[in-house]
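Last residue of the sequence shown: number 200 in this note's numbering, and the count goes up by one each step with no gaps.
Virtual Cβ for every residue (Gly too), placed ideally from N, Cα, C.
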Amino acid sequence: MAGEPAKARIAILISGRGSNMVALADAVRAGEIPNAEVAIVISDQPNAAGLERARERGIETLVIERRGRQREEHDREIIAALRHRQIDLICLAGYMRVLSKEFIDAYRGRIVNIHPSLLPLYPGLNAQQQALDRGAKISGCTVHFVDETLDGGPIIAQREVPVYDGDTVASLSERILIEEHKLYAEAVNLVLNEIDSSP
Ligand code: GAR
């Protein structure tokens, strides 16, 4: 008997507030990302506010702290947790650590990240501050595949956001974040369709 196609199992990695994680989880629940489930939320920070928001939604959570270990060792523990749960796609959502080559190799083409600028402009930390410092009139957000470069992997989707005179980091970040929440779900749909149709 032919059953439902297997659901794509998504892991979301966070370090803090987790509003993009919530946006993805709620999009899955609303059927806006069909045939997918958020299987786990992993944080490297035990106090990440997003953990509670994931639990409220009935999503398994796991804290894997760095605990002074080398990046490779920390990542190995995360990879083991992902493999154990047969994860298909990893979404970084405010996960503030650079991934080791081993991690990227283990899930190449299956790790995506959201960044609050129109990459390749303003990679790294404080992207909104960088945009204001340069006097940008337009900024935005980008979802991209993660590779060995810093925020330099292939771009999946982008959305522009205007920068207004008098904007502060807070006001610009807030305007970009509204678009991040919509863009991330759209981009995950694109990626899952791609993974689905690949041989
Ligand atoms: C988001 O604005 C995300 O784009 C940014 O951190 C914020 C996390 O918010 N990520 C980066 O700057 C990565 N370089 P959230 O925890 O509420 O999703």
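Quick check on the burial criterion: 16 or more other C-beta atoms within 10 angstroms. Buried or exposed for D89?
D89 comes out buried.
As an exercise, report each continuous alpha helix (DSSP H) stretch of at least 4 residues that is fully enclosed by the stretch 63 to 148, in chain order.
Correct list: 72 to 85, 102 to 107, 128 to 134.
Is it the case that the CB of R18 approaches a heavy atom of the ligand GAR more closely than 8 Å?
Result yes, Cβ under 8 Å from the ligand GAR.
Thinking just about the alpha-carbon of each residue, which of N194, E187, P155 is nearest to the one in A26?
Checking every option, the nearest Cα to that of A26 belongs to E187.
One question on the structure: do V64 and D45 come within less than 9 Å of each other, judged by their Cβ atoms?
Yes, these two residues count as a Cβ contact at 9 Å.
Would the C-beta of H145 count as close to the ligand GAR, meaning under 8 Å from any of its heavy atoms?
No.
Using alpha carbons as the reference points, say which of Q129, R77, E66, L93 lies closest to I11.
Nearest option by C-alpha distance: L93.
Exposed or buried, what is H85 when buried is set at 16 or more other beta-carbons lying within 10 Å of its beta-carbon?
So H85 counts as exposed.
Can you grab the Cα-Cα spacing for the pair D76 / I196, in whole Å?
D76 and I196: Cα-Cα distance of roughly 23 Å.
Indicate, with yes or no, if the ligand GAR has a heavy atom lying under 8 Å from the CB of L178.
L178 Cβ: within cutoff of the ligand GAR.
So, using beta-carbon positions, are I115 and N190 closer together than 9 Å?
Not closer than 9 Å, so no.
The beta strand (DSSP E) spanning S44 covers which residue range?
Counting along the chain, the beta strand (DSSP E) containing S44 begins and ends at 37 to 44.
Within 10 angstroms of the Cβ of Q71, are there 16 or more other Cβ atoms? Answer buried if so, exposed if not.
Its Cβ having fewer than 16 others within 10 Å, Q71 is exposed.
I need the straight-line Cα distance from P124 to A171, nearest angstrom please.
Taking the straight line joining both Cα atoms gives about 18 Å.
To the nearest angstrom, report how far apart L119 and N36 are at their CA atoms.
Cα-Cα distance, rounded: 29 Å.
Could you check the C-alpha separation between A55 and H182 for me, to the nearest Å?
Taking the straight line from one Cα to the other gives about 16 Å.
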